[in-house]
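If you're matching them up, the sequences are chains H and P in order. Taking this note's numbering, the leading residue of the first sequence gets 106, the next gets one more, and so forth. Taking this note's numbering, the leading residue of the second sequence gets 4, the next gets one more, and so forth. Written out below as structure tokens is the structure these notes cover.
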Amino acid sequence: DAGITQSPRHKVTETGTPVTLRCHQTENHRYMYWYRQDPGHGLRLIHYSYGVKDTDKGEVSDGYSVSRSKTEDFLLTLESATSSQTSVYFCAITRQSGNTIYFGEGSWLTVV
Amino acid sequence: DAKTTQPTSMDCAEGRAANLPCNHSTISGNEYVYWYRQIHSQGPQYIIHGLKNNETNEMASLIITEDRKSSTLILPHATLRDTAVYYCIVRALDKTSYDKVIFGPGTSLSVIP
């Protein structure tokens, strides 16, 4: 357990609506990541953060934005949700003492 | 980070050792081999990692070839609860390697009663 909490865990939303997923960590980890997972694609990196207000794009960043205004929270926003963004979203962190990545339990998002 | 290749799927009889291979022929000298697994509907779980020596912990053993171009994760006595997708990744373990980590499709291991 790396002290990661994702919310909401499950959400159904309509196409075109904004959605924000929250990743909260309690252990002051510097590095945080958002992945999505879809059948046949494995885990794909959306965005990552290497500190407060320091973020960068991953391999599937289109349609997503992130913000990190404080160490403990990394927010993933879908400005206008589409059906192609129906997925399971995982937050992850890298601990200060090493580069082992630890994952949260996931957020299931369905866009109808 | 270097790319890895793994078989798409494998079967293993319950109680037997499961040997999961991974090729990482372009691995750099400062890159570690990491293994994760993902049980259905759960977040990926860290298993083990190593640089060049073989490693063992309570979950598994990691065997890395001398040229470091491939490795094998060994689950010594597979149980039904080990049925999962196993991911092998390589990445450097230093202050600058915070950047993106890419997971491939992994190996789907089925432990059969």
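Just so it is clear, CB atoms sit at the ideal spot from N, CA and C, and this is done for glycine as well. All values derive from a computational prediction rather than experimental measurement.
query: What is the rounded straight-line gap between the Cα of P/Ile115 and the Cα of H/Phe179?; result: 40 Å
query: Against chain P, with Cβ distances strictly below 8 Å, would H/Phe208 count as a contact?; result: yes
query: Which residues of chain H have a Cβ atom closer than 7 Å to the Cβ of P/Gln45, listed in chain order?; result: Glu210
query: Relative to the alpha-carbon of P/Val93, which residue among P/Ile51, P/Pro10 and P/Met62 has its alpha-carbon at the smallest distance?; result: P/Ile51
query: May I ask you to verify whether the region 38–50 of chain P touches the region 60–71 of chain P, counting CB pairs closer than 8 Å and requiring at least 3?; result: yes
query: Verify the contact flag: P/Pro24, CB atom, against every heavy atom of the ligand ATP, threshold strictly below 7 Å.; result: In the structure on display, the ligand ATP does not appear, and there are no ligands present to speak of.
query: What is the DSSP secondary structure of P/Leu54, reduced to helix, strand or coil?; result: coil
query: Looking at chain P, is there any beta carbon in it that lies within less than 8 Å of the beta carbon of H/Gly147?; result: yes
query: Tell me which residue opens and which closes the beta strand (DSSP E) that P/Met13 is part of.; result: Ser12 to Ala16
query: Round the Cβ separation of P/Asp85 and P/Ala21 to the nearest angstrom and send it over; I've been treating them as touching at under 8 Å.; result: 7 Å
query: Output needed for P/Arg71: all residues of its chain with C-beta closer than 7 Å, excluding positions within five of it in sequence on either side, in chain order.; result: Ile30 and Lys55
query: Pick from P/Thr59, P/Ser44 and P/Tyr90: whose alpha carbon is nearest that of P/Pro79?; result: P/Thr59
query: Please list, in chain order, the residues of the region 29–55 of chain P that have any C-beta partner in chain H closer than 9 Å.; result: Tyr35, Tyr37, Tyr39, Gln41, Ser44, Gln45, Gly46, Pro47, Gln48, Tyr49 and His52
query: Using only CA atoms, which one of P/Thr75, P/Thr82, P/Ser113 and P/Phe106 lies nearest to P/Cys25?; result: P/Thr75
query: Would you kindly check if the distance between the Cβ of H/Leu150 and the Cβ of H/Tyr194 is under 8 Å?; result: no
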